[in-house]
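Just so you know, numbering that gives the first Met the number 0 puts 14 at position 15 of the sequence shown, and the rest follows in order with no gaps.
All residues carry an ideal CB built from backbone N, CA and C; glycine is no exception.
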Amino acid sequence: MNEWISVKDRLPFKDEIVLVYRGSHIGDLMNTYTYLGNDEWEDDFGYWSRAEDEGITHWMHLPAPPKD
Numbered sequence: 000m001n002e003w004i005s006v007k008d009r010l011p012f013k014d015e016i017v018l019v020y021r022g023s024h025i026g027d028l029m030n031t032y033t034y035l036g037n038d039e040w041e042d043d044f045g046y047w048s049r050a051e052d053e054g055i056t057h058w059m060h061l062p063a064p065p066k067d
């Protein structure tokens, strides 16, 4: 499995869908987001925001799908 990458160290490629880790007032969450560039992210519902607004601190590439 890939390692978590801090948004302070590096960001995904534009239009790349990645798994993000974000802290929130209700606890730690992991969701898939598309990185739109310029520190903007879009979730599966079409809601976009900045990493700081959503508490996104880390991301990782999605694993390859199963072969069977």
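Inter-residue CB distance, residue i and residue j (contact presumed, cutoff 8 Å)
{"i": "Leu61", "j": "Val17", "result": "6 Å"}
{"i": "Pro11", "j": "Trp58", "result": "6 Å"}
{"i": "Arg21", "j": "Gly54", "result": "4 Å"}
{"i": "Thr31", "j": "Asp43", "result": "6 Å"}
{"i": "Glu36", "j": "Lys13", "result": "For clarity, residue 36 is Gly in the given sequence; the question names Glu instead. Their Cβ separation, rounded to whole angstroms, is 4 Å, which keeps Gly36 and Lys13 in contact under 8 Å."}
Residues near residue i by beta carbon distance below 6 Å, same chain, minus five either side
{"i": "Glu15", "result": "Tyr34"}
{"i": "Asp52", "result": "none"}
Where residue i falls, given that 16 or more other Cβ within 10 Å makes a residue buried
{"i": "Trp40", "result": "buried"}
Cβ neighbours of residue i in the same chain (closer than 7 Å, five flanking residues each side left out)
{"i": "Pro64", "result": "none"}
Any non-hydrogen atom of the ligand PLP closer than 7 Å to residue i Cβ
{"i": "Asp8", "result": "With respect to the ligand PLP, the structure shown offers nothing to examine, as it has no ligands at all."}
Residues near residue i in its chain [Cβ-Cβ closer than 8 Å; skip 5 each side]
{"i": "Ser5", "result": "Thr56, His57"}
{"i": "Arg49", "result": "Asp38, Glu39, Trp40"}
Inset, instruction - Enumerate, from N- to C-terminal direction, the unbroken beta strand (DSSP E) stretches of 3 or more residues contained entirely within the region 5-29. - result: 16-21
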